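To start, the structure itself, in structure tokens.
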Amino acid sequence: MKFSQLTVAFVASSVYVASAAISSVVTGVPVGFASGTTGGGTVAAVHPTTIAQLKTYLTSSSPQVIVISGTFNFAGSEGTQALTACNAYACTPSNGGQALLNTLNGCTQPTYGVTIDTAAYQGINVASDKTLVGTNGATLNGKGLRFVNVNNIIIQNIKIQNLNPQYVWGGDAISLSGTNNIWIDHVTTSNLGRQHYSFGPTANTGITISNSFISGSTPNSATCNGHSYWGLELVGGGDFITFYRNWVYFTSGRSPALSGTTLFHAVNNVWSSNAGHLIEGDKNGMGLYEGNYFLDTPTIVASGSVVALFSSEPAALTQCQASLGRSCVANLLGTGSATTFNYDTTSFLTKFAGHNIPPASNPASVATSVINGAGNTL
């Protein structure tokens, strides 16, 4: 599936190197806004084998370098929870859709009782100064990760899956609020109740998501087509997020929802086979898109969105020079995608000055390598 739709050639891209005391179990170094993140540093690695041990290490007050192998199955580990839900969408859980949990009193339709898996409902509250690295297909089944008022964390080469997928609000893969220096790299997220990534409301500064795979293919789709609508919800106040060499596949919206006062730098990513739309947001969201490849994506920006965007049109590439220290790189609109992606808001480009800026390559030369390397592939 990763190869069949692309005919572009493989060319490995260069990596912008940051100096940091990072454990040797980590592959590479963070780029972009999260440059300088060290996680647990160079303390001796621990190797938990049970979900209890893993939670203890992730929530401890001490720096930790944690290496996990294989599947950590949280499903059923915290029991179940009785809640109410409603059928807010055209397709219900019994026919491939989702119900809306009424946890925020959002139901305007009749409600009924449901039972959810408690472990999947809320992620592990990861403490500061942690490195989590996966090996041998490391997977968190039925449990996400949560970062609130913490800093200096590295998450690499893991998969997060199966979070009450039939219920909206059933579970986010990764959620952040009030964080700094978080590097999420080579992470796969799939089959979720809600967001793959949820940001807000308190500022998240120094965040990089890189080389990761957002798989929107789901048996429970709010849009009734097997595509996940709940991609990336970016609503924080003052968020700085680098989105670098990721593959976003089979979504139908919120890819991302760019609101709050988020500054979003999307570099050399691939969006493919996306129904609905990708970008939505309000006038305070800010997105710089460069060197990205859009394939089978008919609508890149939702109708009516007023989000501030700079889409690196060929005639405007030099406008990035003063703030980024280099020109921007044009995006590529492939087969089945919108024929135009033309936005020229430049007022927010000055916010990049003084920050670590990753390199950007011609998308035609790196799209195959981005797809092949995205997710827990190390």
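The sequence shown runs -20 to -1, 1 to 358 under mature numbering (1 follows the signal peptide of the UniProt record, and there is no 0). For glycine and all other residues, C-beta sits at the position ideal for the given N, C-alpha and C. Keep in mind it's a predicted model, so treat the numbers as computed, not measured.
For residue i, which option in the options has the closest C-alpha, if you only look at C-alpha atoms?
i, options, result
"LEU156", "THR168, ASN132, GLN146", "ASN132"
"HIS176", "GLN299, ILE154, GLY20, CYS71", "ILE154"
"SER345", "ALA318, VAL309, THR111", "VAL309"
"SER178", "GLY124, SER4, SER253, PHE13", "GLY124"
"PRO328", "ALA302, TYR229, THR39, THR7", "Residue 328 is actually Phe in this sequence, not Pro. It is ALA302."
"ASN171", "GLN44, ILE140, THR182", "ILE140"
"ILE189", "VAL247, ALA107, CYS71, ALA68", "VAL247"
"GLY334", "GLY284, GLY186, PRO343", "GLY186"
"PRO236", "GLY206, GLY271, GLY196", "GLY196"
"TRP149", "ARG174, VAL130, ARG126", "ARG174"
"VAL281", "SER252, PHE321, HIS245, CYS300", "PHE321"
"PRO357", "THR36, GLY117, THR95", "Reading the sequence as shown, one finds Thr at residue 357 and not Pro. It is GLY117."
"PRO343", "SER283, ALA318, TYR269", "TYR269"
"THR182", "GLY206, THR95, VAL130, SER208", "VAL130"
CB-CB under 7 Å to residue i, same chain, minus the five flanking residues each way: which ones, in chain order?
i, result
"THR325", "ALA288, LEU289, PHE290"
"PRO73", "ALA79, GLN146, ASN200"
"VAL128", "ASN105, SER157, GLY158"
"SER57", "ILE31, ALA99"
"TYR323", "LEU289, PHE290, SER291"
"ASN205", "SER232, ALA255"
"TYR37", "VAL26, PRO28, GLN44, ILE46"
Kindly identify the DSSP beta-bridge partner or partners of residue i.
i, result
"TRP251", "VAL228, PHE274"
"THR111", "VAL45, ILE134"
"HIS207", "SER197"
"ILE221", "ILE187, PHE244"
"ASN85", "The partner list for ASN85 (beta bridge, DSSP) is empty, contrary to what the question assumes."
"GLY20", "GLY20 pairs with nothing; no bridge assigned."
"ALA237", "GLU213, GLU260"
I need the straight-line Cα distance from residue i to residue j, nearest angstrom please.
i, j, result
"GLY305", "ALA295", "18 Å"
"VAL(-13)", "GLU293", "Residue confidence is low: VAL(-13) scores 39 on pLDDT, short of 50, so the model does not pin down where it sits. Its coordinate-derived value is still stated next. Distance between the alpha carbons of VAL(-13) and GLU293: 21 Å."
"LEU275", "ALA24", "43 Å"
"LEU312", "THR29", "44 Å"
"PHE220", "GLU213", "14 Å"
"PRO338", "GLY314", "23 Å"
"GLN78", "GLY267", "30 Å"
"GLN61", "ASP97", "6 Å"
"ASN161", "THR231", "27 Å"
"THR88", "TRP210", "20 Å"
"GLN33", "TYR101", "20 Å"
"THR241", "TYR224", "20 Å"
"ASN75", "ASN144", "15 Å"
"ILE46", "GLY151", "23 Å"
"GLY180", "GLY217", "7 Å"
"GLN(-16)", "THR17", "At GLN(-16), the pLDDT of 44 sits below 50, so the modelled position is not reliable; the number obtained from the coordinates is stated separately. Their Cα atoms are separated by approximately 35 Å."
"ARG234", "THR39", "30 Å"
"ALA(-9)", "ALA340", "Confidence is the limiting factor: at ALA(-9) the pLDDT is only 34, short of 50, which leaves the residue's position unreliable and the question unanswerable from this model."
"LYS(-19)", "GLY256", "Annotation note: pLDDT 45 at LYS(-19) (below 50); position unreliable, coordinate value reported separately. Using only the alpha carbons, I get a separation of about 21 Å."
"SER253", "VAL286", "24 Å"
"SER41", "ILE259", "38 Å"
"LEU84", "THR22", "42 Å"
"CYS300", "ASN184", "24 Å"
"ALA68", "ALA107", "36 Å"
Between which two residues does the alpha helix (DSSP H) carrying residue i extend?
i, result
"LEU156", "Unbroken run through LEU156 is the beta strand (DSSP E), 154 to 157; no alpha helix (DSSP H)."
"ILE31", "31 to 39"
"LEU304", "301 to 304"
"GLY93", "GLY93 -> not in any alpha helix (DSSP H); beta strand (DSSP E) instead, spanning 91 to 97."
"THR348", "343 to 353"
Looking at the unbroken beta strand (DSSP E) that takes in residue i, where does it start and where does it end?
i, result
"GLN44", "44 to 53"
"ILE187", "185 to 190"
"VAL167", "160 to 172"
"GLN61", "60 to 66"
"ALA79", "79 to 81"
"LEU214", "212 to 214"
"TYR323", "Note, TYR323: premise wrong, no beta strand (DSSP E); not H, not E."
"ARG126", "125 to 128"
"PHE179", "177 to 179"
"PHE290", "288 to 290"
Taking 6 Å as the limit between beta carbons, can you name the residues of its chain near residue i, skipping five residues before and five after?
i, result
"SER239", "VAL215, GLY261, ASP262, GLY265"
"VAL250", "TRP227, TYR273, ALA347, VAL350, ILE351"
"GLY316", "ASP276"
"THR119", "THR51, LYS139"
"ASP109", "GLY20, PRO43, ASN132"
"LYS331", "LEU243"
"ASN142", "ASN121, GLY122, ASN171"
"THR298", "SER307"
"HIS245", "THR222, LEU268"
"ARG126", "GLY103, ASN105, SER155"
Output needed for residue i: all residues of its chain with C-beta closer than 8 Å, excluding positions within five of it in sequence on either side, in chain order.
i, result
"SER192", "ILE164, ASP165, HIS166, VAL167, THR168, THR169, ASN226, TRP227, ALA354, GLY355"
"ASN82", "LEU63, THR64, ALA65, CYS66, THR91"
"ASN53", "ILE31, ASN121, GLY122"
"VAL6", "GLY19, THR111, VAL113, ILE134, GLN136"
"ILE48", "HIS27, PRO28, LEU34, LEU112, VAL113, GLY114, THR115, ALA118, ILE138"
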